[in-house]
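Trainee:
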Ligand SMILES: [Zn+2]
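Numbering (the numbering used here), first residue to last: 6 to 297.
1) Pick helix, strand or coil for residue 223, following the three-state DSSP scheme.
2) Does the beta-carbon distance from residue 123 to residue 98 come in below 9 angstroms?
3) Are residue 186 and residue 171 close, meaning C-beta to C-beta below 9 angstroms?
4) Tell me residue 59's beta-bridge partners as DSSP assigns them.
5) For residue 191, which of helix, strand or coil comes out of DSSP?
6) For residue 178, which residues from the same chain have a beta carbon less than 7 angstroms from its beta carbon, with the 5 sequence-adjacent residues on both sides left out?
7) Apply the 10 Å Cβ neighbour rule to residue 184 and answer buried if 16 or more other Cβ atoms are within range, or exposed otherwise.
8) For residue 211, tell me which candidate among 236, 204, 200 has the shortest Cα-Cα distance.
9) Could you tell me how far apart the beta carbons of residue 110 and residue 131 are, in whole angstroms, since I believe they sit closer than 8 angstroms?
10) Taking C-beta to C-beta, are residue 166 and residue 133 nearer than 9 angstroms?
11) Can you find the residues in the same chain that come closer than 8 angstroms, C-beta to C-beta, to residue 146, ignoring five residues on each side of it along the sequence?
12) Out of 201, 169, 195, 153, which has the shortest C-alpha to C-alpha gap to residue 182?
13) Distance check for residue 190 and residue 219, CA to CA, integer angstroms please.
14) Between residue 273 and residue 239, what straight-line distance do the alpha-carbon atoms span, to the nearest angstrom?
15) Check whether the Cβ atoms of residue 82 and residue 57 lie closer than 9 angstroms to each other.
16) Taking the Cβ atom as the reference point for each residue, do residue 207 and residue 60 lie within a distance shorter than 9 angstroms?
17) Let me check one thing: in DSSP terms, what residues is residue 197 bridge-paired to?
18) What are the start and end residues of the beta strand (DSSP E) that includes residue 206?
19) Give me the pocket residues for ligand 1, defined as CB within less than 6 angstroms of any heavy atom, sorted by chain position.
20) Tell me whether residue 300 is buried or exposed, calling it buried when 16 or more other Cβ atoms sit within 10 Å of its Cβ.
21) Using DSSP with H/G/I as helix, E/B as strand and the rest coil, what is residue 202?
22) Going by the CB atoms, is the gap between residue 88 and residue 45 shorter than 9 angstroms?
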């Protein structure tokens with residue numbers, strides 16, 4: 006059985022908003038250093054915080070993208086792997102909630118803050134599952150102009166070995182998982198992961214709460230796809246569902262009550278937030294938009 010110990014205490018994790026702003030608007034920050042380097046530096050120092058979502062599902066904060074953890078009697082399943090420099094802290098956090106080995110790792114998309122830890126997780130025996138385009142991106146050199154960064158191919162051990170095109174189901178100790186894509190959105194290989202029994206929906210970087218999203222148009226992401234993703238995904242949830250977008254601690258209000266503020270009849274105007282004033286005045290299909 007899983008050994009549930011008290012959650013770790015949050016003391017100095019890098020705020021998700023800071024990470025997100027670095028990714029959205031690198032020009033706001035130092036030009037000489039890529040936001041990728043800055044986020045890696047921050048992740049190397051950040052504490053990892055564990056937040057319990059529901060049942061045997063928890064989320065780890067502090068290693069770039071959030072890591073969703075499903076524990077079973079004899080093993081663990083992760084959704085995303087965070088940044089490799091956080092390995093020791095992530096491992097310590099996992100040890101707090103499960104004594105079993107990591108058996109599966111699902112990548113929601115190719116971005117390094119979700120896949121950089123792939124190799125070490127796989128080295129412990131985990132099978133990596135992702136959309137087929139994630140394998141494509143991790144197998145080659147990928148330039149992200151907005152981050153001023155060129156990613157080299159991931160080591161072979163860090164690449165998914167189980168890939169799919171549209172949908173895949175998976176059973177893990179009685180929890181039925183549905184992995185699904187609605188086409189390009191944030192990238193060209195986004196998937197959502199729905200935990201059917203727990204009624205938890207992990208959305209990766211598809212839904213950004215409170216500010217305009219980063220869109221990786223260099224690999225096929227686009228605003229129309231983001232809007233389609235958000236509308237389709239969140240239309241499928243109920244008031245009881247816990248959707249889990251990247252910067253969305255479950256203690257905040259349920260996102261379905263906020264969706265109309267971001268997605269409406271004129272989505273390019275309304276996708277940006279009303280709260281922060283990041284109203285999108287000029288974005289068009291495929292553009293990344295930043296307005297502070
Ligand atoms: Zn991303």
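Note that the Cβ used here is the ideal one computed from N, Cα and C, for glycine as well. All values reported here derive from a predicted model rather than from experimental measurement.
Mentor: In short:
1) In the structure shown, residue 223 sits in a helix (DSSP, three-state: H, G or I).
2) No.
3) Residue 171 is positioned such that its CB atom lies closer than 9 angstroms to that of residue 186.
4) Residue 59 is bridged to 62.
5) Residue 191: coil per DSSP, three-state reduction.
6) Its chain contains 77, 78 as the residues whose beta carbon lies nearer than 7 angstroms to that of residue 178, once the 5 sequence neighbours on both sides are disregarded; these appear in chain order.
7) Buried, because 16 or more other Cβ atoms sit within 10 Å of the Cβ of residue 184.
8) Answer by Cα proximity: 236.
9) Contact between residue 110 and residue 131 holds: their C-beta atoms lie close to 5 angstroms from each other, under 8 angstroms.
10) Going by C-beta atoms, residue 166 is nearer than 9 angstroms to residue 133.
11) Cβ within range, chain order: 155, 156, 157, 158.
12) Out of 201, 169, 195, 153, 201 has the C-alpha closest to the C-alpha of residue 182.
13) About 10 angstroms.
14) Any reading at residue 273 must be qualified, since the residue scores a pLDDT of 44, below 50, and its modelled position is unreliable; the value itself is stated next. Inter-residue distance for residue 273 and residue 239 is about 18 angstroms (C-alpha atoms, whole angstroms).
15) It is not a contact, given that the beta carbons lie outside the stated cut-off.
16) No.
17) Paired residue(s): 185.
18) 205–209 is the extent of the beta strand (DSSP E) around residue 206.
19) Listed by position in the chain, the residues whose beta carbon lies within less than 6 angstroms of some heavy atom of ligand 1 are 114, 116, 191, 210.
20) As displayed, the chain neither begins before 6 nor continues past 297, which places residue 300 out of reach and without an answer.
21) Note: residue 202 maps to coil in three-state DSSP.
22) The Cβ atoms of residue 45 and residue 88 lie closer than 9 angstroms to each other.
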